[in-house]
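Counting along the sequence shown from 1, when you hit position 156 you're at 157 in the numbering used here, and nothing is skipped either side. Note that beta-carbon positions come from the ideal geometry of N, C-alpha and C, so glycine has one too. Every value quoted in this text rests on a predicted model; they were computed, and no experiment measured them.
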Amino acid sequence: MRNEQRRTQVDRGKFIVFEGIDGSGKSTQIQLLTERLKKEGIYCYTTMEPTDSPIGSLIHQIMTGRIKTDNKAIAALFVADRMDHLLNDVNGIVAKISEGTTVISDRYYFSSYAYHSIDMPMDWVIQANELNRNLLQPTVSLFIDVDPDIAIKRIAQNRVHQELFEKKSRLVRVREKYYEAFKKLEDVENVIIVDGNQSQEVIAEEIWSKIGGYFI
Ligand code: ADP
Ligand code: TYD
2 MRNEQRRTQV DRGKFIVFEG IDGSGKSTQI QLLTERLKKE GIYCYTTMEP TDSPIGSLIH
62 QIMTGRIKTD NKAIAALFVA DRMDHLLNDV NGIVAKISEG TTVISDRYYF SSYAYHSIDM
122 PMDWVIQANE LNRNLLQPTV SLFIDVDPDI AIKRIAQNRV HQELFEKKSR LVRVREKYYE
182 AFKKLEDVEN VIIVDGNQSQ EVIAEEIWSK IGGYFI
C-alpha cells in the first residue's frame, strides 16, 4: 500500500452510531461518551436522525400527526433525510469523516430497518438504504437494549405527548426487528449490544470498555 493511501485510511474519523428503541437512553449515553472523549482530548461532532433539515422537519411533522401520509412514504423520507445528512454542503457527515472528525449519531440506517420493517419487508428497507450504506458504514453501531416496559416508563415521565412510535406494543415489535436485522447483517455490520437496563454510569463504563479501543 502506498503511504498516501495508508495516511488517508488512518486519518478518517470514526463513525459511532447509537441505536435503540425510544427511551433506551441513547442521548444520555451520547452525552456521556462525548464528555469522556473530550477528557481524552478527542473532539467529536454529534448529530441525529431525523435531522433538523427541511426533510427532517417534514418527518417530525408526520410523527406528531400534523401531516399524514403512507408508511412507505415515511420510510422513503427517512432515506432522503439520511442522504442529506450524509452529503449536504453545510454539515454533511461524509465530509466530516474524511476530514478526520469523529462523528457520533443518534440513529442511522438500522433504525430504518427496525422501525419500517413492521409495515413492509425488511429487504425493501435495506435496499432503499443501499446508496447510504455505500457512502458511509458505521465504524460501530451500539445497540442499547432496554426492556420496552422500562423505556415506556421513562418516556412517560419526560414527554408532554407521545409520538407515533412511542407505544409499548410497537416498541416490543421494533426491538424484535432490530434483532432480526442484526442477525441478517451479522457478516457485514459491526454491532455491539449493551444492556441498557442498568444505571447510566454502568452503561457508560460498559460502552467505553467496548469502544474506547477505537480511539486510544
Ligand atoms: P433516547 O435518546 O434513547 O430516547 P434518553 O437518553 O432521552 O433516551 O433517555 C430517556 C429518559 O430516560 C431520560 O429522561 C433520561 O434521563 C432517562 N434515562 C436514560 N438512561 C437511563 C438509565 N440508565 N436509567 C434510568 N433513566 C435513564
Ligand atoms: P425522536 O423523538 O427524534 O428521537 P428518540 O426517540 O430516538 O429520542 O424520534 C425519532 C423517531 O423516529 C423514533 O421513534 C424512531 C423513528 N425513526 C424511524 O422510524 N426511522 C428511521 O430511519 C429513524 C432514523 C428514526
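Going by alpha carbons, who is nearest to A129 out of I119, A77, A96? Along the sequence shown, one-based indexing puts residue 129 at 128. Of the residues I119, A77, A96, the one whose Cα lies closest to the Cα of A129 is A77.
Write down the C-beta distance between M49 and D85 rounded to the nearest angstrom, noting that I regard them as a contact closer than 8 Å. Taking the first residue of the sequence shown as position 1, residue 49 is located at position 48. Taking the first residue of the sequence shown as position 1, residue 85 is located at position 84. Wrong, their Cβ atoms sit about 13 Å apart, outside the cutoff.
So, with DSSP's three-state summary, where would you put Y46? Reading the sequence shown from its first residue, position 45 is the one you call residue 46. Residue state for Y46 is assigned as strand, using DSSP reduced to three classes.
For G93, is the beta carbon positioned less than 7 Å from some heavy atom of the ligand ADP? In the sequence shown, counting from the first residue as 1, residue 93 sits at position 92. G93 Cβ: outside cutoff for every heavy atom of the ligand ADP.
So does the region 54 to 66 actually touch the region 100 to 118, counting three or more Cβ pairs closer than 8 Å? No, the region 54 to 66 does not touch the region 100 to 118.
Bridge partners for T103 per DSSP, in chain order? Along the sequence shown, read from residue 1 onward, the residue named residue 103 stands at position 102. Per DSSP, the beta-bridge partners of T103 are C45.
Out of S25, I17, E20, D12, point me to the one whose CA is closest to I151's CA. Stepping through the sequence shown from its first residue, residue 151 is reached at position 150. Considering only alpha carbons, the answer is S25.
Would you check if there are 3 or more beta carbon pairs closer than 8 Å linking the region 34 to 44 to the region 122 to 138? Below 8 Å, too few C-beta pairs join the region 34 to 44 and the region 122 to 138 to call them touching: fewer than three.
Output the boundary residues of the beta strand (DSSP E) element that contains F144. Counted from its first residue, the sequence shown places residue 144 at position 143. Note, F144: beta strand (DSSP E), 141 to 146.
So does D220 have its beta carbon nearer than 7 Å to some heavy atom of the ligand TYD? Since the displayed the chain opens at 2 and closes at 217, residue 220 lies outside it and no answer follows.
Close-in-space but distant-in-sequence residues of the same chain around I31 (CB under 8 Å, 5 per side omitted): For the purposes of this step, residue 31 is taken as the residue at position 30 of the sequence shown. These residues qualify, in order along the chain: F19, T47, I105, D107.
Would you tell me roughly how many angstroms separate the C-alpha atoms of S112 and S210, rounded to the nearest one? The count along the sequence shown starts at 1 and reaches residue 112 at position 111. The count along the sequence shown starts at 1 and reaches residue 210 at position 209. Each residue's alpha carbon lies about 24 Å from the other.
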